[in-house]
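Numbering (numbering that gives the first Met the number 0), first residue to last: 0 to 331. Using N, Cα and C, we set each Cβ at its ideal position, and we do this for glycine too. Note sheet for the following structure.
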Amino acid sequence: MKDYLIKRLLQIVPTLLGITFITFLIIQLAPGNPAMLKLQLSAQGQMSDKAISKEIVEQTKKLYGLDKPLPVQYLLWVKRVFTFDFGTSYKDHRNVWDKIAERLPVTIQLNVISIFLVYLIALPFGIYSATHPESFTDRVLTLAFFFLYSLPSFWVAMLLMMLFGGGDFWDILPVYGISSTEAESWSFLPWLADRLWHLVLPIICLTYGGLAYLSRLTRAGMLEVIREDYIRTARAKGLHERTVILKHAFRNALLPLITLVAFLLPSMFGGSVIIESIFSIPGMGQLGFEAVLSRDYPVIMAITTISSLLTLAGLLLSDILYAVVDPRIKLD
């Protein structure tokens with residue numbers, strides 16, 4: 000396993016280089032640039048002197064290093080990537096790490112609670128549906144989960160806001176931000192209760208789709224496993240049905256579920272652009288969306304690079320878990 004881990008870790012370097020190169024190309028091909036956008040925002044459409052406008056654009060490009068040739072810009076970018084020095088934001092000149100540190104805890108709170116609820120609910124439902132195939136309960140669960148999976152998150156978010164956020168029906172849940180304006184001065188327990196109350200609707204929107212998908216994936220994996228000969232042998236030995244299902248069948252059905260681990264880490268970092276924007280949550284998804292709109296290259300670079308590293312780490316972790324769950328898989 001040691002040789003395998005070293006080989007995989009060495010493969011991360013060229014993979015990350017390829018990701019940075021593609022990201023750099025996409026950014027350069029995108030229309031607009033930070034210098035021109037900053038000029039437009041500062042002038043607010045009132046500047047008419049083209050010479051002055053051109054001079055300001057050139058000064059801004061020089062300030063951001065955008066006047067250098069593209070290969071030089073890319074090499075400087077790669078140097079920053081591998082030293083984790085993402086510089087300052089073009090938008091407000093704040094340190095990129097400070098902006099990430101400010102938004103990341105909010106996104107982690109949302110996603111940790113959501114992922115916990117997804118696995119807590121989906122796995123039992125998936126196992127039950129697989130052990131009671133074609134029953135009335137299985138058909139109801141199948142129909143319900145397919146229905147949930149088909150619902151777009153932005154539509155569900157707007158519907159929940161109308162139902163519970165002071166729209167046409169009840170006004171019992173907050174629909175803006177993650178805490179009350181005066182919550183920072185409260186003690187811990189009232190602050191925690193207020194924070195959880197604000198997260199109810201966003202977490203529902205982040206949870207239902209993953210819950211439906213994971214439940215169906217668990218059911219499919221379990222149905223494939225419980226038809227195997229070794230499951231019939233375990234039952235023939237007189238083992239308790241719960242032991243057969245949880246110890247023998249479910250462990251082998253975990254392999255498809257482990258694949259999802261590779262996407263949990265980057266999803267916890269990246270956040271959800273749609274949900275965070277609808278509920279005005281200052282998380283990583285909203286930060287990335289704002290960076291794209293303002294052509295804030297350092298922030299885009301930081302989010303893309305860290306998400307890529309987390310994805311590669313998740314893939315490596317899932318490979319290791321394969322060997323842990325199934326002894327037949329040898330990493331060598």
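Check: C-beta atoms of Phe268 and Leu103 nearer than 9 Å; Outcome: yes
Check: Alpha carbon of Val130 to alpha carbon of Val105, nearest angstrom; Outcome: Per the sequence presented here, residue 130 reads as Thr, with Val not at that position. Each residue's Cα considered, the two are about 38 Å apart.
Check: Distance CB(Gly282)-CB(Ser271) smaller than 9 Å; Outcome: yes
Check: Secondary structure of Asp170, DSSP reduced to three states; Outcome: strand
Check: Alpha-carbon to alpha-carbon, Leu119 and Leu213; Outcome: 11 Å
Check: Met300, enclosing alpha helix (DSSP H) - first and last residue; Outcome: Tyr296 to Val324
Check: Distance CB(Tyr148)-CB(Ala219) smaller than 9 Å; Outcome: no
Check: Buried versus exposed, by CB contacts within 10 Å (16 or more), Arg231; Outcome: exposed
Check: Alpha carbon of Pro201 to alpha carbon of Phe288, nearest angstrom; Outcome: 17 Å
Check: First through last residue of the alpha helix (DSSP H) which encompasses Leu8; Outcome: Lys1 to Leu28
Check: Three-state secondary structure assigned by DSSP to Gly164; Outcome: strand
Check: Extent of the continuous alpha helix (DSSP H) to which Trp76 belongs; Outcome: Leu69 to Thr82
Check: C-beta atoms of Leu15 and Leu311 nearer than 9 Å; Outcome: yes
Check: Residues bridged to Asn94 [DSSP beta-bridge criterion]; Outcome: Thr87
Check: Which of helix, strand or coil DSSP assigns to Trp154; Outcome: helix
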